[in-house]
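Written below as structure tokens is the structure these notes are about.
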Amino acid sequence: GKRQYNRVFLLGFQFIPACI
Amino acid sequence: QKVISPESYIKHPLQNKWALWFFKNDKSKTWQANLRLISKFDTVEDFWALYNHIQLPSDLMSGCDYSLFKDGIEPMWEDGRNRKGGRWLITLSKQQRRADLDRFWLETLMCLVGEGFDEHSDDVCGAVINVRAKGDKIAVWTTDYENKDAITHIGQVYKERLGVPPKVIIGYQSHADTATKSGSSTKNKFV
Numbered sequence: 398g399k400r401q402y403n404r405v406f407l408l409g410f411q412f413i414p415a416c417i
Numbered sequence: 011q012k013v014i015s016p017e018s019y020i021k022h023p024l025q026n027k028w029a030l031w032f033f034k035n036d037k038s039k040t041w042q043a044n045l046r047l048i049s050k051f052d053t054v055e056d057f058w059a060l061y062n063h064i065q066l067p068s069d070l071m072s073g074c075d076y077s078l079f080k081d082g083i084e085p086m087w088e089d090g091r092n093r094k095g096g097r098w099l100i101t102l103s104k105q106q107r108r109a110d111l112d113r114f115w116l117e118t119l120m121c122l123v124g125e126g127f128d129e130h131s132d133d134v135c136g137a138v139i140n141v142r143a144k145g146d147k148i149a150v151w152t153t154d155y156e157n158k159d160a161i162t163h164i165g166q167v168y169k170e171r172l173g174v175p176p177k178v179i180i181g182y183q184s185h186a187d188t189a190t191k192s193g194s195s196t197k198n199k200f201v
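Protein chains in written order, with this note's numbering: chain A, 398 to 417; chain B, 11 to 201.
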């Protein structure tokens with residue numbers, strides 16, 4: 398299926414530093 | 011020994027890879043020369059890394075645009091995926107720059123990268139924000155102005171996500187009509 402992300406899920410990652 | 015769950019180090023992949031473009035109005039150059047690709051991303055984490063790093067639309071100089079398009083689609087009418095397409099257009103009053111512009115744009119970005127239009131997300135090509143003294147505009151571009159089902163679904167979801175009141179009418183216009191319009195307004199194919 399499609400990788401659908403709602404706004405609450407997306408906003409939860411705004412200020413989490415990503416491991417690169 | 012500790013086993014670290016992949017959830018803690020694998021970034022969250024998006025359905026599509028996206029490209030963010032920036033347009034700065036320099037009248038000494040051609041339209042295309044003023045358009046620059048900023049960056050591409052295909053994970054939730056990289057989307058925020060880019061978003062958090064760049065200026066908000068309300069801080070841009072008048073005449074500037076941001077465009078977010080699926081990788082491989084250029085943010086212009088001439089691209090093969092846009093040629094038969096059109097846009098849901100949100101026009102903002104001058105007062106809305108302070109109240110709504112940045113919020114609307116972020117919501118638009120999240121609709122795109124999160125595939126918020128369900129199965130009709132495949133019809134989406136991208137979105138554009140025009141920062142203009144006479145009134146800002148935000149639009150979601152879709153690939154085919156004849157795909158009524160996709161266009162109406164996208165329009166309904168988009169209006170709801172932005173929190174635009176039901177009594178406010180938004181219009182969908184084909185790029186062909188926008189390109190050949192004679193007056194200041196383009197006729198709506200859907201509302």
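Quick reminder that beta carbons are idealized off the backbone N, C-alpha and C, glycines included.
Since the model is a prediction, treat every value here as computed from it, not as a measurement.
Open item on the list: Is it the case that the segment 175 to 185 of chain B contacts the segment 105 to 125 of chain B, given that we only count it when at least three CB pairs across the two stretches are under 8 Å?
Closed with: no
Open item on the list: Under 8 Å, Cβ to Cβ, is there at least one residue of chain A near glycine 173 of chain B?
Closed with: For the purposes of this step, residue 173 of chain B is taken as residue 163 along the second sequence, with counting starting at 1. Chain A contact via Cβ: absent.
TODO: Report the rounded CA-to-CA distance for alanine 189 of chain B versus cysteine 135 of chain B, giving the unit in angstroms.
DONE: If you number the second sequence from 1, residue 189 of chain B lands on position 179. If you number the second sequence from 1, residue 135 of chain B lands on position 125. About 18 Å.
Open item on the list: Would glycine 82 of chain B pass as an interface residue toward chain A - the criterion being a Cβ-Cβ separation below 8 Å?
Closed with: Locating residue 82 of chain B in the second sequence gives position 72, counting from the first residue. For glycine 82 of chain B, the answer is no, since every Cβ of chain A falls outside 8 Å of its Cβ.
- [ ] Could you name the residues of chain A that valine 5 of chain B contacts, counting a contact when the two beta carbons are closer than 7 Å?
- [x] Look at the range of chain B in this structure, 11 to 201, and you will see that residue 5 of chain B is not part of it.
Task: Coil, strand or helix - glutamine 105 of chain B by DSSP - done: Looking up residue 105 of chain B in the second sequence gives position 95. Three-state DSSP puts glutamine 105 of chain B in coil, outside helix and strand.
Task: Extent of the continuous beta strand (DSSP E) run through leucine 412 of chain A - done: The residue labelled residue 412 of chain A in the question sits at position 15 within the first sequence. Inspection of the sequence shows that residue 412 of chain A is occupied by phenylalanine rather than by leucine. Note, phenylalanine 412 of chain A: premise wrong, no beta strand (DSSP E); not H, not E.
TODO: Look up isoleucine 180 of chain B in the DSSP assignment and say whether it is helix, strand or coil.
DONE: Residue numbering aside, residue 180 of chain B sits at position 170 when the second sequence is read from its first letter. Isoleucine 180 of chain B: coil per DSSP, three-state reduction.
TODO: Verify the CB distance criterion: does serine 68 of chain B have a CB-CB separation below 8 Å to chain A?
DONE: Here residue 68 of chain B corresponds to residue number 58 of the second sequence, with the count starting at 1. Chain A, which has no Cβ nearer than 8 Å to the Cβ of serine 68 of chain B, makes this no.
TODO: Report yes if the CB atom of phenylalanine 114 of chain B is closer than 8 Å to the CB atom of leucine 172 of chain B, and no otherwise.
DONE: Counting from one through the second sequence, the residue named residue 114 of chain B turns up at place 104. Counting from one through the second sequence, the residue named residue 172 of chain B turns up at place 162. In contact: phenylalanine 114 of chain B and leucine 172 of chain B (Cβ atoms closer than 8 Å).
Open item on the list: Just checking: is the beta-carbon of glutamine 25 of chain B within a distance shorter than 8 Å of some beta-carbon in chain A?
Closed with: For the purposes of this step, residue 25 of chain B is identified with residue 15 of the second sequence, where counting begins at 1. So yes, glutamine 25 of chain B belongs to the interface.
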